[in-house]
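Peer 1: Just so you know, the UniProt record's numbering puts 146 at position 146 of the sequence shown, and the rest follows in order with no gaps.
Where a beta carbon is used, it is the ideal one built from N, C-alpha and C, also for glycine.
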Amino acid sequence: MEVAIDDDDDEDTDADESEEEDKDEDDNEEDAEEEEDDDDEEEEKQEEDKGEEEDKEEDSDAEEEEEEGDAKEGDGDKGAAVDGSERGEDKGAAADGSEREEDEDEEDEDDYGITKEQMMELPGRHYWVFSVNLRDGRFEVLDSSRTLDNIELMNTASTIVGAVRQLWRKHYPKFSIEHFQIIDIDVPKQLGNNECGLFALLNATEWNGSQLPNYDPKEVLNIRKKLAYDWVTSVHNTAPWRKLLRYDKE
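#1: Could you check whether the stretch 162-170 touches the stretch 219-228, counting it as contact only if at least three pairs of C-beta atoms, one from each stretch, sit closer than 8 Å?
#2: Given a cut-off of 9 Å, decide if residue 154 and residue 134 are closer than it, judged by their beta-carbon atoms.
#3: With DSSP as the reference, label residue 80 as helix, strand or coil.
#4: According to DSSP, what are the bridge partners of residue 141?
#5: Do you know whose CA, among 231, 163 and 227, lies nearest residue 177's CA?
#6: Note down, in chain order, each residue of its chain lying with its Cβ closer than 7 Å to the Cβ of residue 146, except the 5 sequence neighbours on either side.
#7: In this structure, what does DSSP give as the bridge partners for residue 154?
#8: With 16 other CB atoms within 10 Å as the buried threshold, where does residue 210 fall?
#9: Near residue 86, which residues of its chain fall below 8 Å by C-beta distance, leaving aside the five closest residues on each side in sequence?
#10: Just the C-alpha distance for residue 227 and residue 236, rounded to the nearest angstrom, thanks.
#11: Where do the N-terminal and C-terminal ends of the alpha helix (DSSP H) with residue 207 fall, by residue?
#12: Inspect the beta-carbon positions of residue 208 and residue 185 and report whether they are closer than 9 Å.
#13: Using a 10 Å radius around the Cβ and a threshold of 16 neighbouring Cβ atoms, would you call residue 245 buried or exposed?
#14: Report the option in 159, 139, 48 and 144 whose CA atom is closest to the CA atom of residue 195.
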C-alpha cells in the first residue's frame, strides 16, 4: 500500500494551529484585561460606595445634631410662643378695651364732660397748682412761694401750656384754647420751707376761679390737725381706724 503524503496540507494545518493558538492567546489577554478592568471597576465602585456610606453617616450625624438643636430651639420657641400668645391675648384684650373706649368716646363727644367743667388743675414738680380756667379763658398759676416773675416758674408754666394746647388740639379741635393767657393768682404765701404741699392742697380745694382761698398761713398746724381728723373719720375710710387708734367716741 502506498500512502501519499501531502506536505502542503501539513504546513497549512500547522499554520492554522498557530493562528488558533495566537487567537487563543489574544482572547486570553483580552479576557485578562477585561478581568483587570472589571476588578478596577469593582474597586472603584467599592470605594465610591464606601465614600457614599461615609457621606451618609456624616449627613446622618449632622441631621441628628440639627434635630437636637432644633428640638432645643423648639422648646425655647415654644415657651416664647406661649408667652407671646399670652401677650397677644393681653394685647387683644387691650385692643378690645380701647375699641370700647373709642365707642364710648364717640357716644360722648365731650369725653367725660371735660369741656363742660369750669376748671382743670394739674400738679407740677414743686407743689403748686396750674389751672385751666375754661369759663374765663385763661391759664392760672397758684404758687404759695413764687410768682410769675420767677423765671423757673414762668418757664415751667409755659411748658405746661404748650403741652396742654397740643393735646387739646388733638382731642378737642372744636373748642380752641390758643388765645388763653397765663396769669398769676395772688394766693396766701407759706412761711416755712415744708408747707408747699399743704398750701397746694388748700388752693386746689378752695379756688373756684374768682374767690381767693381763705386761710391763714399761721394756722398751718391747726389746719393739718383738722385735715387729719376729717380724713380718718370720713365715711369713705374703710380701714378699722377705731380699733387701730383705740378710738371709742362716736
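Peer 2: A quick look at the data gives this:
#1: no
#2: No, they are not a contact pair.
#3: Since pLDDT at residue 80 reaches only 44, below the 50 mark, its modelled position is unreliable, and the value read off the structure follows with that caveat. Residue 80: helix per DSSP, three-state reduction.
#4: 130 and 184
#5: 163
#6: 153
#7: Answer is none; residue 154 lacks a bridge partner.
#8: exposed
#9: Residue placement at residue 86 is poorly supported in this model, since its pLDDT is 48, which falls under 50; the coordinates still yield a value, given next. Within the same chain, residue 86 has no close Cβ partners at all.
#10: 14 Å
#11: Counting along the chain, residue 207 falls outside any alpha helix (DSSP H), and DSSP gives it neither H nor E.
#12: no
#13: exposed
#14: Nearest to residue 195 by alpha-carbon distance, out of 159, 139, 48 and 144, is 144.
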